[in-house]
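Peer 1: FYI, my numbering numbers position 237 of the sequence shown as 669, with every residue one higher than the one before it. We put the beta carbon where it would ideally sit given N, CA and C, even for glycine. Next up is a structure, given as structure tokens.
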Amino acid sequence: MSSVVSFLISFIFTAAFMPALIRYFRAKHEGQMIREEGPSWHEKKSGTPTMGGLMFILAIIVATLIAGLVFGQLDPVALILLFILILYGLLGMWDDSIKLFRRQNEGLKAWQKLLGQIIGGAVFFAVYLHEGLPLLLKIPGFGAVHLGLVGYFIFILFWLVGFSNAVNLTDGLDGLVAGVGSISFITYGIIALHQHQYDVAMFCLAVVGGLLAFLIYNHKPAKIFMGDMGSLALGGALAAVSILVHHEVSLLWIGLIYVIETASVILQVISFKTTGKRIFLMSPIHHHFEMKGWSEWRIDITFWCISAVTAITGIWVMW
Numbered sequence: 433m434s435s436v437v438s439f440l441i442s443f444i445f446t447a448a449f450m451p452a453l454i455r456y457f458r459a460k461h462e463g464q465m466i467r468e469e470g471p472s473w474h475e476k477k478s479g480t481p482t483m484g485g486l487m488f489i490l491a492i493i494v495a496t497l498i499a500g501l502v503f504g505q506l507d508p509v510a511l512i513l514l515f516i517l518i519l520y521g522l523l524g525m526w527d528d529s530i531k532l533f534r535r536q537n538e539g540l541k542a543w544q545k546l547l548g549q550i551i552g553g554a555v556f557f558a559v560y561l562h563e564g565l566p567l568l569l570k571i572p573g574f575g576a577v578h579l580g581l582v583g584y585f586i587f588i589l590f591w592l593v594g595f596s597n598a599v600n601l602t603d604g605l606d607g608l609v610a611g612v613g614s615i616s617f618i619t620y621g622i623i624a625l626h627q628h629q630y631d632v633a634m635f636c637l638a639v640v641g642g643l644l645a646f647l648i649y650n651h652k653p654a655k656i657f658m659g660d661m662g663s664l665a666l667g668g669a670l671a672a673v674s675i676l677v678h679h680e681v682s683l684l685w686i687g688l689i690y691v692i693e694t695a696s697v698i699l700q701v702i703s704f705k706t707t708g709k710r711i712f713l714m715s716p717i718h719h720h721f722e723m724k725g726w727s728e729w730r731i732d733i734t735f736w737c738i739s740a741v742t743a744i745t746g747i748w749v750m751w
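Spelled out as structure tokens, the structure:
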């Protein structure tokens, strides 16, 4: 029941207040600066309000706090998920703000962003230990591997940093991450409910509610972008959720789109630096399909369908 309540509160909050945020940013003339190296037709998106993640993050916080208090599920697990969401969101907000105020596409330095992400991972690990959760990594086909204190700490840092940046890379088309993210979080919400981890499920459904409401304003042509504030927060929170339900490695499959997007960038850089040739017309890979003539809607729907398939098969394999 708490999951349903958190979903409804988050959806209604985001849907109701997002228009006001869009009007505010338009009045302040604070819009996204489009990368010069991106597709030329994206230039018409320049000036579109960004940092829409602010509204759905606030909605998730409000929904989780209210549902958690009402149903007695506002425990350290729910709070650490909110902490990761807020901290990574603030890092993204700082990044977005620099871009807006300096009228450029470059924000935080890489080391500044990494430092903040590592601090978040360290706090998450401290709460994880406090809750007495296992230092085991479940690997399909191999069983559970005990990583030990140091090994699991390193893994958590890698997972949080890696997937926060992976979701950030995926956020390059109108509606893409809002759709894929909704599928990812509802998948882990179902897993959490199956495990009777109602605090985690409550948080996941709050995220889904906020994202689906955000998609109303973010689908093509987008009235607002989520910005780094939204994508970094979502990626960090998704990685944290996968750890808390003890199906960490499943995120490589359930979150396959994020993995492919990140791999396309890595492979493109390696290929260009070693051979001087590019594998893709442009990376991340969603831009490759754009250059091939695919519409944003076609890419969105294709990627959403792939996410749905990996989500369903991922749950089926685990059960």
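So, Met483 versus Met661, is the Cβ gap smaller than 7 angstroms?
Peer 2: Taking the sequence shown and counting its residues from 1, the one referred to as residue 483 is at position 51. Taking the sequence shown and counting its residues from 1, the one referred to as residue 661 is at position 229. Contact: yes.
Peer 1: Determine the direct distance from the alpha carbon of Ser438 to that of Ile498, and round the result to whole angstroms.
Peer 2: For this step, residue 498 is matched to residue 66 along the sequence shown. For this step, residue 438 is matched to residue 6 along the sequence shown. Whole-angstrom Cα-Cα distance: 8 angstroms.
Peer 1: Hey, out of Leu440, Arg458, Ile615 and Tyr649, whose CA is closest to Asp606's CA?
Peer 2: For the purposes of this step, residue 606 is identified with residue 174 of the sequence shown, where counting begins at 1. Residue Tyr649 is the option with its Cα nearest to Asp606.
Peer 1: Under a three-way DSSP split, which group does Ile508 fall into?
Peer 2: By 1-based counting over the sequence shown, the position of residue 508 is 76. Reading off the sequence, residue 508 comes out as Pro, not Ile. In the structure shown, Pro508 sits in a helix (DSSP, three-state: H, G or I).
Peer 1: If we count the other Cβ atoms within 10 Å of its Cβ and call it buried at 16 or more, is Lys545 buried or exposed?
Peer 2: What you label residue 545 is simply residue 113 of the sequence shown in a count that begins at 1. Flag for Lys545 reads buried.
Peer 1: If you reduce the DSSP assignment to three classes, tell me which class Lys570 lands in.
Peer 2: Counting from 1 along the sequence shown, the entry for residue 570 is found at position 138. In the structure shown, Lys570 sits in a strand (DSSP, three-state: E or B).
Peer 1: Please confirm whether Gly485 and Gly659 have their CB atoms less than 7 angstroms apart.
Peer 2: Translated into the one-based positions of the sequence shown, residue 485 becomes position 53. Translated into the one-based positions of the sequence shown, residue 659 becomes position 227. Yes. Within cutoff.
Peer 1: Find the nearest neighbour of Asp732 within the set Ala495, Thr602, Leu666 and Ile441, judged by alpha-carbon distance.
Peer 2: As a working note, residue 732 is residue 300 in the sequence shown. Answer by Cα proximity: Thr602.
Peer 1: Quick one: grab the DSSP three-state call for Leu654.
Peer 2: For the purposes of this step, residue 654 is taken as residue 222 along the sequence shown, with counting starting at 1. The displayed chain sequence assigns Ala, not Leu, to residue 654. Correct three-state label for Ala654: coil.
Peer 1: Can you list, in chain order, the residues of its chain whose CB lies under 8 angstroms from that of Leu670, leaving out five sequence neighbours each side?
Peer 2: What you label residue 670 is simply residue 238 of the sequence shown in a count that begins at 1. Excluding residues within five positions, the ones whose Cβ falls inside 8 angstroms are Phe595, Val599, Gly613, Ser616, Phe617, Tyr620, Leu683 and Gly687.
Peer 1: What are the partner residues of His578, as DSSP defines its beta bridges?
Peer 2: The count along the sequence shown starts at 1 and reaches residue 578 at position 146. Answer is Leu568, bridged to His578.
Peer 1: With Asp732 as the anchor, note down where its alpha helix (DSSP H) starts and where it stops.
Peer 2: What you label residue 732 is simply residue 300 of the sequence shown in a count that begins at 1. For Asp732, the uninterrupted alpha helix (DSSP H) run begins and ends at Glu728 to Met750, by DSSP.
Peer 1: Do Gly548 and Ile516 have their C-beta atoms closer together than 7 angstroms?
Peer 2: Start at 1 with the first residue of the sequence shown, and residue 548 comes out as number 116. Start at 1 with the first residue of the sequence shown, and residue 516 comes out as number 84. The answer is no: Cβ separation not under 7 angstroms.
Peer 1: Would you kindly check if the distance between the Cβ of Thr496 and the Cβ of Phe635 is under 7 angstroms?
Peer 2: As a working note, residue 635 is residue 203 in the sequence shown. As a working note, residue 496 is residue 64 in the sequence shown. In this structure, Thr496 lies closer than 7 angstroms to Phe635 by Cβ.
Peer 1: So, helix, strand or coil for Ile711, using DSSP?
Peer 2: If you number the sequence shown from 1, residue 711 lands on position 279. It is coil, neither helix nor strand.
Peer 1: Which two residues bound the contiguous alpha helix (DSSP H) that contains Lys541?
Peer 2: Counted from its first residue, the sequence shown places residue 541 at position 109. Segment: none, Lys541 is in no alpha helix (DSSP H) and carries neither H nor E.
Peer 1: Which of the three DSSP states, helix, strand or coil, is assigned to Glu563?
Peer 2: Taking the first residue of the sequence shown as position 1, residue 563 is located at position 131. In the structure shown, Glu563 sits in coil (DSSP, three-state: anything other than H, G, I, E or B).
Peer 1: In chain order, what residues of the same chain have a beta carbon less than 8 angstroms from the beta carbon of Ala709, not counting five sequence neighbours either side?
Peer 2: Position 277 of the sequence shown, counted from the first residue, corresponds to residue 709. Residue identity differs from the one stated: residue 709 is Lys in this sequence, not Ala. So the list reads Ser703, once near-sequence residues are dropped.
Peer 1: Check whether the Cβ of Thr496 lies closer than 7 angstroms to any Cβ atom in chain C.
Peer 2: Of the chains in the structure shown, none is chain C; there is only one protein chain.
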